[in-house]
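Student: Dropping a structure here in structure tokens format, bear with me for questions.
Residue numbers (the numbering used here): 3 to 356.
Below, the structure written as structure tokens:
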């Protein structure tokens, strides 16, 4: 016997209710208008190739003198850090009197096929850092890296410690071979040389579906079922569509940079071995002697906590702080809990190391 019984009258009532919700939902979706993203006014202060360095307009008259540069991943778009007014890590940092900048990598195309990790780290990031140093008249800036951008920030800080005053990493992979790292187990089976030689740039859509496949029921099914219950609320519906827009706004990856990142980090796990080469520069995490704040997410399925917490064992700084966020990889940017916890913690931590 089945452990439950299906009553025809109840099943019919549920189907009628579902049909009514979908009918109302179509009306809501047709009326919510354009899906706007990016809540905070900003100005482009430097451009190079497809890269744009933005300064977010301060919310106070006299922000703190040492600026914060946000380095985002090459995957997806950085506006997730400023999705909407009540879900914006950027606005939270600005409210803490910080002067906030962000690197937007743009959308690589065939002209960028041969960009390397060296071009990104010792090229674009370094020149953006120098722009900030000149604009603010400081020798060192504060660096805040997100996900892969955090790994880039680690590499940059190890190679250029004389330019980084304080380093913040968020959901950043460091040890790429921890036991529970499903993404790493998958990527290690890929013939990345064949992939890049065949495709050139790596389609962002292909990578996005790879990430979604790690939690297929939740990310490709259940969330849409859950959405049905909010279709009569235009505000919640628009919030949902903002996240959908970001999730599927996936730039292609420059082929050579992708090859270098997968082979050196995911497959070779060279970062913790001190064997990563960025151009002619080697990356030794012991060279990171500036204060470090490492923020990780307890329920992260893309960067498991162990992959981030490994940083403590390898950096050379004596001023190392960890902060656990009680949520997942995306929630650390956009959830209500994140807005209350992360920006105030970063602002307070930096204030003590002014």
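The beta carbon of each residue, even a glycine, is placed where N, CA and C say it ideally should be. None of these values were measured; they are calculated from a predicted model.
Sort 293, 309, 332, 183 by Cα distance to residue 353 and report the nearest one.
Tutor: In the chain shown, the residue the question calls residue 353 occupies position 351. Checking every option, the nearest Cα to that of residue 353 belongs to 293.
Student: Check for me: the beta strand (DSSP E) holding residue 172 runs from which residue to which?
Tutor: Numbered from 1 along the chain shown, position 170 holds the residue referred to as residue 172. Looking at the DSSP string, the run of the beta strand (DSSP E) that includes residue 172 is 166-172.
Student: Could you give the residue range of the beta strand (DSSP E) that holds residue 57?
Tutor: Position 55 of the chain shown holds residue 57. Element bounds for residue 57: 53-58.
Student: Do residue 154 and residue 122 count as a contact pair if the criterion is CB distance below 8 Å?
Tutor: To locate residue 122, count along the chain shown from 1; it is residue 120. To locate residue 154, count along the chain shown from 1; it is residue 152. In this structure, residue 154 lies closer than 8 Å to residue 122 by Cβ.
Student: What are the complete beta strand (DSSP E) segments, minimum 3 residues, inside the region 224-299?
Tutor: Segments of the beta strand (DSSP E) lying fully in the region 224-299: 294-299.
Student: Report the rounded CA-to-CA distance for residue 3 versus residue 308, giving the unit in angstroms.
Tutor: Sequence index remark: in the chain shown, residue 3 carries index 1 (1-based). Sequence index remark: in the chain shown, residue 308 carries index 306 (1-based). Confidence at residue 3 is low in this model, with a pLDDT of 49, below 50, so the placement of that residue should be treated as unreliable; the coordinate-derived value is given next. Answer to the nearest angstrom: the Cα atoms are 44 Å apart.
Student: Taking C-beta to C-beta, are residue 39 and residue 240 nearer than 8 Å?
Tutor: Against the chain shown, residue 39 aligns to sequence position 37. Against the chain shown, residue 240 aligns to sequence position 238. Their beta carbons are not under 8 Å apart, which means residue 39 does not touch residue 240 by this criterion.
Student: With DSSP collapsed to three states, give me the class of residue 144.
Tutor: Walking along the chain shown from the start, residue 144 turns up at place 142. Residue state, collapsed to three classes: strand.
Student: Going by DSSP, what residue range makes up the beta strand (DSSP E) through residue 105?
Tutor: Numbered from its first residue, the chain shown carries residue 105 at position 103. Segment 102-106, the beta strand (DSSP E) holding residue 105.
Student: The alpha helix (DSSP H) that contains residue 335, what's its start and end?
Tutor: Locating residue 335 in the chain shown gives position 333, counting from the first residue. Residue 335 -> alpha helix (DSSP H) spans 333-336.
Student: Whole angstroms are fine: how far does the CA of residue 87 sit from the CA of residue 189?
Tutor: Here residue 189 corresponds to residue number 187 of the chain shown, with the count starting at 1. Here residue 87 corresponds to residue number 85 of the chain shown, with the count starting at 1. Cα to Cα, the separation comes out at about 36 Å.
Student: What do you get for residue 113, buried or exposed, if any count of 16 or more other CB atoms within 10 angstroms of its CB means buried?
Tutor: On the chain shown, position 111 is the one that residue 113 refers to. It counts as exposed.
Student: Based on DSSP bridge pairs, tell me the residues matched to residue 327.
Tutor: Working through the chain shown from its first residue, we reach residue 327 at position 325. The partner list for residue 327 (beta bridge, DSSP) reads 299.
Student: If contact is defined by three or more beta carbon pairs under 8 Å, each pair taking one atom from either stretch, is the region 192-202 in contact with the region 278-295?
Tutor: As far as the Cβ criterion goes, the region 278-295 does not touch the region 192-202, which means the pair count is below three.
Student: Should residue 159 and residue 210 be called a contact, given that it needs their Cβ atoms to be closer than 8 Å?
Tutor: Working through the chain shown from its first residue, we reach residue 159 at position 157. Working through the chain shown from its first residue, we reach residue 210 at position 208. For residue 159 and residue 210, no; Cβs fall outside 8 Å.
Student: Taking C-alpha atoms, which residue in 314, 67, 94 lies nearest to residue 343?
Tutor: The count along the chain shown starts at 1 and reaches residue 343 at position 341. Out of 314, 67, 94, 94 has the C-alpha closest to the C-alpha of residue 343.
Student: Going straight from the alpha carbon of residue 182 to that of residue 304, what length do you get?
Tutor: As a position in the chain shown, residue 182 is number 180, starting the count at 1. As a position in the chain shown, residue 304 is number 302, starting the count at 1. Going from the Cα of residue 182 to the Cα of residue 304 covers about 10 Å.
Student: Taking the C-alpha atoms as reference points, what is the distance between residue 263 and residue 119?
Tutor: On the chain shown, position 261 is the one that residue 263 refers to. On the chain shown, position 117 is the one that residue 119 refers to. Rounded to whole angstroms, residue 263 to residue 119 spans 7 Å at the Cα level.
Student: Rounded to a whole number of angstroms, what is the C-alpha to C-alpha distance between residue 127 and residue 231?
Tutor: In the chain shown, residue 127 corresponds to position 125, counting from 1. In the chain shown, residue 231 corresponds to position 229, counting from 1. Going by the C-alpha atoms only, they are around 43 Å apart.
Student: If you count every other CB in all the chains shown that lies within 10 Å of the CB of residue 116, and 16 or more means buried, which is it?
Tutor: Sequence index remark: in the chain shown, residue 116 carries index 114 (1-based). Result: exposed.
Student: If you draw a straight line from the C-alpha of residue 51 to the C-alpha of residue 234, how long is it?
Tutor: As a working mapping, residue 51 is identified with position 49 in the chain shown. As a working mapping, residue 234 is identified with position 232 in the chain shown. Between residue 51 and residue 234, the C-alpha separation is close to 44 Å.
Student: Within its chain, find whatever has a CB closer than 6 Å to the CB of residue 148; leave out the 5 residues flanking it on each side and keep chain order.
Tutor: Taking the first residue of the chain shown as position 1, residue 148 is located at position 146. Taken in chain order, the residues that qualify are 74, 172.
Student: Using three-state DSSP, classify residue 215 as helix, strand or coil.
Tutor: Position 213 of the chain shown holds residue 215. If DSSP states are grouped into helix, strand and coil, residue 215 belongs with coil.
Student: Comparing alpha-carbon positions, which option in 187, 163, 46 lies nearest residue 269?
Tutor: The residue you call residue 269 lines up with position 267 of the chain shown. Nearest of 187, 163, 46 to residue 269, Cα basis: 187.
Student: Which of the three DSSP states, helix, strand or coil, is assigned to residue 10?
Tutor: Locating residue 10 in the chain shown gives position 8, where the first residue counts as 1. Helix.
Student: If you follow the alpha helix (DSSP H) that residue 199 is part of, which residue opens it and which one closes it?
Tutor: Numbered from 1 along the chain shown, position 197 holds the residue referred to as residue 199. From DSSP, the alpha helix (DSSP H) with residue 199 extends over 194-201.
Student: Give me the residue from 174, 58, 48 with the minimum Cα distance to residue 314.
Tutor: As a working note, residue 314 is residue 312 in the chain shown. Here the closest residue by C-alpha is 174.
Student: Buried or exposed for residue 266, going by 16 or more other Cβ atoms inside 10 Å?
Tutor: Stepping through the chain shown from its first residue, residue 266 is reached at position 264. By the 10 Å Cβ count, residue 266 comes out buried.
Student: Using a Cβ-Cβ distance cut-off of 8 Å, determine whether residue 354 contacts chain C.
Tutor: Of the chains in the structure shown, none is chain C; there is only one protein chain.
Student: Can you look up residue 122 in the DSSP assignment and give me helix, strand or coil?
Tutor: For the purposes of this step, residue 122 is taken as residue 120 along the chain shown, with counting starting at 1. Looking at residue 122 - three-state DSSP - the assignment turns out to be helix.
Student: Please classify residue 162 as buried or exposed, where buried requires at least 16 neighbouring CB atoms within 10 angstroms.
Tutor: Within the chain shown, numbered from 1, the residue matching residue 162 stands at position 160. Buried is the call here.
Student: For residue 310, count the other beta carbons within 10 Å of its own beta carbon; 16 or more makes it buried, fewer makes it exposed. Which is it?
Tutor: Your numbering for residue 310 matches position 308 in the chain shown. With 16 or more other Cβ atoms within 10 Å, it is buried.
Student: Among 166, 351, 193, which has the Cα closest to the Cα of residue 323?
Tutor: Stepping through the chain shown from its first residue, residue 323 is reached at position 321. The residue with the shortest Cα to Cα distance from residue 323 is 351.
Student: Count the other CB atoms, across all protein chains shown, that sit within 10 Å of the CB of residue 89; report buried if there are 16 or more and exposed otherwise.
Tutor: Numbered from its first residue, the chain shown carries residue 89 at position 87. So residue 89 counts as buried.
Student: Compute the Euclidean distance between the alpha carbons of residue 46 and residue 136, then round it to the nearest angstrom.
Tutor: To locate residue 46, count along the chain shown from 1; it is residue 44. To locate residue 136, count along the chain shown from 1; it is residue 134. Between residue 46 and residue 136, the C-alpha separation is close to 16 Å.
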